[in-house]
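S.K.: The structure is given below, and queries will be raised subsequently.
Numbering (my numbering), first residue to last: 1182 to 1316.
Spelled out as structure tokens, the structure:
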């Protein structure tokens, strides 16, 4: 399937951008599902305490809150990548570079984590943004 192939290199740009967006959205969905599963007891406790100010003093609740908060952000970045591809545009260089920096920092600081999953789509976005324009 060819998307917005105005220039010879644009096909590759669109494929990389679409692939990165879909991958990020899949990671976001898996991240949320895993977070809901491992944090089910903490989430029940948050609900039992009425949600308001029910997170801060408890480490397990803090962990689940921040874990689940990452999922919508990954989803939004993935949706943004899909939108960029649907518009026939290149992703901004800062997007791939920033995701790559975030993933590398997270993977170094927390090696046993899902930060490794962000490396591949970040690289795809960065490569799509930096692909040479052909006449």
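Note that beta-carbon positions come from the ideal geometry of N, C-alpha and C, so glycine has one too.
All values reported here derive from a predicted model rather than from experimental measurement.
Does the segment 1265-1276 come close enough to the segment 1237-1251 to have 3 or more Cβ pairs within less than 8 Å?
M.R.: As far as the Cβ criterion goes, the segment 1265-1276 does not touch the segment 1237-1251, which means the pair count is below three.
S.K.: Of the choices 1305, 1210, 1286, whose alpha-carbon is the least far from that of residue 1257?
M.R.: For this step, residue 1257 is matched to residue 76 along the chain shown. Residue 1257 has its Cα closest to that of 1210, out of 1305, 1210, 1286.
S.K.: Would residue 1273 count as contacting chain D if we go by Cβ distances under 8 Å?
M.R.: This model lacks chain D altogether, as it is built from one protein chain only.
S.K.: Sorted by chain position, which residues of the same chain lie with C-beta nearer than 7 Å to residue 1301's C-beta, five sequence neighbours on each side aside?
M.R.: For the purposes of this step, residue 1301 is taken as the residue at position 120 of the chain shown. Result list for residue 1301: 1204, in chain order.
S.K.: Ordered along the chain, which non-local residues of its own chain (more than five positions away) have a Cβ less than 7 Å from that of residue 1318?
M.R.: Lying before the first or after the last residue shown, residue 1318 is absent from the chain, which here runs from 1182 to 1316.
S.K.: What does a CB cutoff of less than 7 Å around residue 1245 pick up in its chain, not counting 5 residues either side in sequence?
M.R.: As a first step, residue 1245 is located in the chain shown; it is residue number 64 there, counting from the start. Within the same chain, residue 1245 has close Cβ partners 1216, 1220, 1223, 1224.
S.K.: Please list, in chain order, all residues of the same chain as residue 1186 whose beta carbon is under 8 Å from its beta carbon, the five residues on each side excluded.
M.R.: Start at 1 with the first residue of the chain shown, and residue 1186 comes out as number 5. With a pLDDT of 43 at residue 1186, under the threshold of 50, the modelled position of this residue cannot be trusted; read the value that follows with caution. Excluding sequence neighbours, residue 1186 sits near 1192, 1195.
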